[in-house]
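Our numbering numbers the first residue of the sequence shown as 39 and each following residue consecutively. Beneath this line is the structure, given in structure tokens, with notes to follow.
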Amino acid sequence: MKKLDLEYFCGLMLLLSFSTTVKASECYENGTSSTFKILKKNDGVYYQFTQKDQNGFSYVKQQNVLLNYIDVSTYKALGEDERTLMFSDKNGFYILPKLEQYDKQSVTYFKILNANANQKQINGRLFLINGKWNYLNAYGKQVTKIV
């Protein structure tokens, strides 16, 4: 009888410790903060994802992923909002949706305009195209031009 009670007790303790661990992990994940950046280094342009602890200075995770096909010598940061990072190089203007970077092993970004030496822009959203200012509202692959 004592052996059965001991097995029951051990099984119950194991179950309780597992459920507490899952709950603590879930709470911890909800309390972290994420930041998104584009970094220019000598060997390329990188998207950086950083996740910090609730205390604000302990790192949970930080990953740098190379932005393929972006020319490092002509790269220029243009702007950022709550959803996207905007940048350019000699080939055009791009947006990188922050929240659509799921696997953190590769980066998805979209070209919104081809490069043009006479083109002017403000904060990666307002572009002078053919003598008219155009506001580009970009979300994911969707780009809406407002003249």
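Idealized CB from N, CA, C, for every residue including glycine. Since we're looking at a predicted model, the values are computed, not measured.
Do residue j and residue i count as a contact pair if the criterion is CB distance below 8 Å?
i	j	result
A115	I150	no
Q143	V98	no
F36	I133	Missing from the structure shown is residue 36; the chain here goes from 39 to 185 and no further.
Y113	F95	no
A155	N129	no
Kindly indicate which residue of the options has the alpha-carbon position closest to the one of residue i.
i	options	result
T122	N80, E45, I167 and R163	R163
Y107	D127, N168 and N93	D127
F74	K170, T112, Y113 and D119	D119
F165	K78, L137 and F131	F131
N168	F47, E138, Q157 and K183	Q157
F87	N80, D81 and L105	L105
Y85	Y46, L174, E138 and C48	E138
K136	A176, W171, F47 and E45	A176
S72	K90, D81, Y173 and K79	K90
What whole-angstrom Cβ distance do residue i and residue j have, given they're in contact under 8 Å?
i	j	result
V145	V110	The pair is not a contact, with the Cβ atoms about 15 Å apart (cut-off 8 Å).
Q92	T70	7 Å
Give the DSSP bridge partners of residue i, in chain order.
i	result
N9	The question about residue 9 has no answer here: the residues shown for the chain are numbered 39 through 185.
S71	K90
Y173	L164 and I184
V83	K78
Y97	K90
Within the segment 105-164, note down every full beta strand (DSSP E) run reaching 3 residues or more, in order along the chain. 114-118, 122-127, 130-135, 148-152 and 158-160
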